[in-house]
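Asker:
Number of protein chains: 2
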Amino acid sequence: MIRVLYGFPPGVNPEKQGRMLAIGQTVGSFRPDEARRFESWTGVLEEASVDANGRGRALVAYPSANVSGDIGSLLVMILGKYSLAGPVRILSLDLPEGYGTRGRFGLAGIRELTGVRDRPLFMGIFKPALGLSPEDFAAILREVGMAGLDLIKDDEICPDTPASTALSRVRACRPVLDEIRRATGREMLYAVTLSGGASRMLDQARRLREAGANAYLVSPIACGFSVLESLASDPDTRLPIFAHPAMAGALGGSPDYGIDYRVLLGTLMIHGGADAVLYPTAAGSLPIDPGVEADLRRLLVASGLAPVPSAGIHPGALPKFLSPGDHRVILNAGTGLMDHPQGPAAGVRAFHEALELIKKSQPLDRDSVPEGPLRQAILKWGS
Amino acid sequence: MIRVLYGFPPGVNPEKQGRMLAIGQTVGSFRPDEARRFESWTGVLEEASVDANGRGRALVAYPSANVSGDIGSLLVMILGKYSLAGPVRILSLDLPEGYGTRGRFGLAGIRELTGVRDRPLFMGIFKPALGLSPEDFAAILREVGMAGLDLIKDDEICPDTPASTALSRVRACRPVLDEIRRATGREMLYAVTLSGGASRMLDQARRLREAGANAYLVSPIACGFSVLESLASDPDTRLPIFAHPAMAGALGGSPDYGIDYRVLLGTLMIHGGADAVLYPTAAGSLPIDPGVEADLRRLLVASGLAPVPSAGIHPGALPKFLSPGDHRVILNAGTGLMDHPQGPAAGVRAFHEALELIKKSQPLDRDSVPEGPLRQAILKWGS
Chain C
1119 MIRVLYGFPP GVNPEKQGRM LAIGQTVGSF RPDEARRFES WTGVLEEASV
1169 DANGRGRALV AYPSANVSGD IGSLLVMILG KYSLAGPVRI LSLDLPEGYG
1219 TRGRFGLAGI RELTGVRDRP LFMGIFKPAL GLSPEDFAAI LREVGMAGLD
1269 LIKDDEICPD TPASTALSRV RACRPVLDEI RRATGREMLY AVTLSGGASR
1319 MLDQARRLRE AGANAYLVSP IACGFSVLES LASDPDTRLP IFAHPAMAGA
1369 LGGSPDYGID YRVLLGTLMI HGGADAVLYP TAAGSLPIDP GVEADLRRLL
1419 VASGLAPVPS AGIHPGALPK FLSPGDHRVI LNAGTGLMDH PQGPAAGVRA
1469 FHEALELIKK SQPLDRDSVP EGPLRQAILK WGS
Chain Y
1119 MIRVLYGFPP GVNPEKQGRM LAIGQTVGSF RPDEARRFES WTGVLEEASV
1169 DANGRGRALV AYPSANVSGD IGSLLVMILG KYSLAGPVRI LSLDLPEGYG
1219 TRGRFGLAGI RELTGVRDRP LFMGIFKPAL GLSPEDFAAI LREVGMAGLD
1269 LIKDDEICPD TPASTALSRV RACRPVLDEI RRATGREMLY AVTLSGGASR
1319 MLDQARRLRE AGANAYLVSP IACGFSVLES LASDPDTRLP IFAHPAMAGA
1369 LGGSPDYGID YRVLLGTLMI HGGADAVLYP TAAGSLPIDP GVEADLRRLL
1419 VASGLAPVPS AGIHPGALPK FLSPGDHRVI LNAGTGLMDH PQGPAAGVRA
1469 FHEALELIKK SQPLDRDSVP EGPLRQAILK WGS
């Protein structure tokens, strides 16, 4: 069974709504004498309750056989038409272990490819997001790669356009990735943004891999989980997939509607085929409940995916993301790396410097950190 | 340019947020001396205001060249990461006329295929939604098709599963569609639900068309607009596409978050390749603002698409959907047709009977309607 916990605002009867969901989102209407025939297709309301604040909850179990093993038909069943009936929010989703499509790499696969095994990974973002030439991409990549950055990605708003095709970016960057490997012994990953209709995106992904791309960036909530699923299962697109949370706030931001971030950026990404998931972080520049963020990270790690906290990350903030001995994270910085006062390479060095101090249990504050990239970063962005 | 009107709840400064959107969702950060270089990529805040209730609005214009001509990269640009920053709702979206993918049929094409030119079309839904055998599908189809139904669709929650493959449904129904054509001279359309990852859905769509399918049902908000775009442009899937609003409430229901229904079910469907769009109706069983519904219908009609009001439609409600001389609508009924006290064929006849009375400007009430299917429908569901 597929179990969904729904939340309702005060004034809504969760038992009534739970029954509507269990029937209306499965067999719908049938003649009373036919109930037995349709029993195996019918959802079951397992629990309903109202808390002290008047907020209702209903736990509904749906037969797994009612859906196609993908995220799209799952969403149609568990939220679908019912979403139009009034405020309802999916609080949690419990899928059978083998449900859906699983990423072929995960954090372990990304470590394998990059050869970085014993520390958190650092990821950068090409900035400015738009308007750079292929040569600009290559030059930025060379600078940050030689300085020790592990991964880099396009901005998610840098799609395939005539002025900047994804292919031109990969063709310009592949030789630089090779240079970096020769110089550092590490394969740096560059996640290139995929865009367009489904067929175009999948064709593009194949061509980009042939041209030397070594990772993809997709925004499943904006373009569809169905594309993520195909990318993650096609033998010709066997590369790590970084899933971006674009649009997640439109579905997850309201307390009364949509889908909790743990489900949207956790469960659905895990069972949709992502290898790494970017998500907003309360320690950065975006509002997300710290408890939700911690749960999401745990969920991703427990499923073998790479958690990638993003937005507002800078070197001085590193301690907020690391617990002793736990390196299972990719730290993703855009401006907090690229806009370092001494330039992007110094931005990369500042992150590594911060990590070294944390390893030695030394504080990251402006008074104790010696002069250098990290101190400059802390003077600009704090710690 | 692509123009987006954003709405903010009281307490949010629309001018500040509008500037953040214009820069943050385009080039992002750049050095002040580089502003000129990145100017053509940069969004522009054109207007910002706060109304008497404290609700803010910001109109932002984005360069069309920043996106790939699809819905996915458009959503990443106009809502994307910014959606995670706090409450924001897209109130309207103005796209260049030729933007995106347009449906190849629209209402005119559907009329051409079905041969129904001078009246509204009637659509039914196979019920119960799940648990029917291919033979059940064929038997129901024969009954309603011979009684004069123009179109029928799977329930959107009836995906491709081992227990009921889409191919088995089409194979069982194709000979019946032929029977109906021989008997009535009309080609009835059966919109079959597509499901699964993108590649599977597209492959399935091709195979279903080869097997005689003559229309598709997809849920673009759940599976991704990218699949809709590919279906609408691939030469091997050249069939009318009925877009279902599953999940629309999760994105459009909240007053403070997400996307207005006119944009979500109108603009995005129109520029994403749909031929017909199902939507909730205030005259039926789902809550939607009647003004929004009227705007949405006008928008779909003006773009040549078929508006398909759905959910809670029954024969007695017909006058609520018809204005004199305006036949540009497909009326979609599930239980309001299939659960007619005298059976599905009587349900179809009740709709035609209602239409005849409306043409003669006669009222549809229980006292004046003569005994027959329509009167039975009105006794059950009202008028």
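Those protein sequence lines, which keep their order, are chains C and Y.
Mapping of the first sequence onto my numbering: position 122 corresponds to residue 1240, and the numbering continues sequentially without gaps.
Mapping of the second sequence onto my numbering: position 2 corresponds to residue 1120, and the numbering continues sequentially without gaps.
All residues carry an ideal CB built from backbone N, CA and C; glycine is no exception.
Predicted model, so just to flag it, every value in this text is computed and none were measured.
Let me see if you follow: with CB-CB separation under 8 Å, is W1159/Y close to chain C or not?
Answerer: yes
Asker: For the alpha helix (DSSP H) containing L1492/C, name the first residue and the last one.
Answerer: L1492/C -> alpha helix (DSSP H) spans P1491 to W1499.
Asker: Compute the Euclidean distance between the alpha carbons of P1246/Y and P1127/C, then round it to the nearest angstrom.
Answerer: Cα to Cα, P1246/Y sits roughly 30 Å from P1127/C.
Asker: Could you please tell me which residues of the stretch 1205-1227 of chain Y, in chain order, have their CB closer than 9 Å to any CB of chain C?
Answerer: P1205, V1206, R1207, I1208 and T1219
Asker: Can you tell me where the beta strand (DSSP E) with M1138/Y in it begins and where it stops?
Answerer: According to the DSSP assignment, M1138/Y belongs to no beta strand (DSSP E) but to the alpha helix (DSSP H) extending over P1132 to G1142.
Asker: Taking buried to mean at least 16 other C-beta atoms within 10 Å of its own C-beta, is R1207/C buried or exposed?
Answerer: buried
Asker: Who are the Cβ neighbours of H1470/C in its own chain at under 7 Å, not counting the five residues just before and after it?
Answerer: G1266
Asker: Looking at C-alpha atoms only, which residue of G1221/Y, G1242/Y, Y1180/Y and F1148/Y is the closest neighbour of R1467/Y?
Answerer: G1242/Y
Asker: How many angstroms separate the CA atom of S1191/C from the CA atom of I1275/Y?
Answerer: If you draw a straight line from the Cα of S1191/C to the Cα of I1275/Y, it comes to about 7 Å.
Asker: How many angstroms separate the CA atom of G1198/C from the CA atom of P1181/C?
Answerer: 16 Å
Asker: Could I get the ranges of all uninterrupted beta strand (DSSP E) runs contained in the stretch 1289-1367 of chain Y, with 3 residues as the minimum, in chain order?
Answerer: Counting whole runs of 3 or more residues, the stretch 1289-1367 of chain Y contains the beta strand (DSSP E) stretches 1307-1311, 1333-1336 and 1359-1361.
Asker: Since V1410/Y contacts Y1379/Y with CB under 8 Å, what's their CB separation in whole angstroms?
Answerer: 5 Å
Asker: Look at F1360/Y and K1271/Y and say whether their C-beta atoms are less than 8 Å apart.
Answerer: yes
Asker: Spell out whether any CB of chain C is found under 8 Å from the CB atom of V1194/Y.
Answerer: V1194/Y has a beta carbon lying within less than 8 Å of a beta carbon in chain C.
Asker: Starting from the C-beta of L1285/C, find all residues in its chain whose C-beta is less than 7 Å away, skip the five residues before and the five after it, and write them out in chain order.
Answerer: Taken in chain order, the residues that qualify are R1325, L1326 and A1329.
Asker: Nearest by alpha-carbon distance to R1292/Y: which of R1137/Y, F1156/Y and L1259/Y is it?
Answerer: L1259/Y
Asker: State the CB to CB distance for the pair A1340/C and M1365/C, rounded to an integer number of angstroms; the pair is presumed to be in contact (CB under 8 Å).
Answerer: Yes, A1340/C and M1365/C are in contact; Cβ-Cβ is about 5 Å, under 8 Å.
Asker: On the DSSP letters alone, give me the boundaries of the beta strand (DSSP E) that E1164/Y sits inside.
Answerer: V1162 to V1168
Asker: Taking 8 Å as the threshold, find out whether the stretch 1215-1226 of chain C comes into contact with the stretch 1349-1358 of chain C through three or more Cβ pairs.
Answerer: yes
Asker: Assign R1300/C to one of two classes, buried (16 or more other C-beta atoms within 10 Å of its C-beta) or exposed (fewer than that).
Answerer: Exposed is the label assigned to R1300/C, since fewer than 16 other Cβ atoms lie within 10 Å of its Cβ.
Asker: Ends of the alpha helix (DSSP H) at V1419/C?
Answerer: P1408 to A1420
Asker: Could you list which residues in chain C have their beta carbon closer than 8 Å to that of A1364/Y, in chain order?
Answerer: Ordered by position in chain C, the residues that pass the 8 Å Cβ test against A1364/Y are L1193, V1194, L1197, G1198, K1199 and S1201.
Asker: Within 10 angstroms of its Cβ, does D1151/Y collect 16 or more other Cβ (buried), or is it exposed?
Answerer: exposed
Asker: Buried or exposed: which applies to L1497/C, given that a residue is buried once 16 or more other Cβ atoms fall within 10 Å of its Cβ?
Answerer: exposed
Asker: What separation, rounded to the nearest whole angstrom, lies between the Cα atoms of G1125/Y and T1144/C?
Answerer: 36 Å
Asker: Under the DSSP definition of a beta bridge, which residues are partnered with L1269/Y?
Answerer: Partner(s): M1241/Y and L1307/Y.
Asker: Around the C-beta of R1446/C, are 16 or more other C-beta atoms found within 10 angstroms, so that it is buried, or is it exposed?
Answerer: With 16 or more Cβ atoms within 10 Å of its Cβ, R1446/C is classed as buried.
Asker: Grab me the residues of Y1200/Y's own chain with a C-beta within less than 8 Å of its C-beta, minus the 5 sequence neighbours each way, in chain order.
Answerer: Cβ within range, chain order: M1138, L1139, G1142, Q1143 and V1206.
Asker: Looking at the C-beta of D1374/Y, does it have a partner C-beta in chain C at a distance below 8 Å?
Answerer: yes
Asker: If V1426/Y and I1406/Y are in contact, beta carbons under 8 Å, what's the gap, nearest whole angstrom?
Answerer: The Cβ separation is near 14 Å, so there is no contact.
Asker: Once DSSP output is grouped into helix, strand and coil, what is the label at D1151/Y?
Answerer: helix
Asker: DSSP state of V1395/Y, grouped into three classes?
Answerer: strand
Asker: If you draw a straight line from the C-alpha of A1368/C to the C-alpha of G1391/C, how long is it?
Answerer: 22 Å
Asker: Excluding five sequence neighbours on each side, which residues of the same chain lie with their C-beta closer than 7 Å to the C-beta of L1357/C?
Answerer: R1327, A1331, N1332, A1333 and Y1334
Asker: How big is the Cα-Cα spacing for A1401/C and G1233/C?
Answerer: 28 Å
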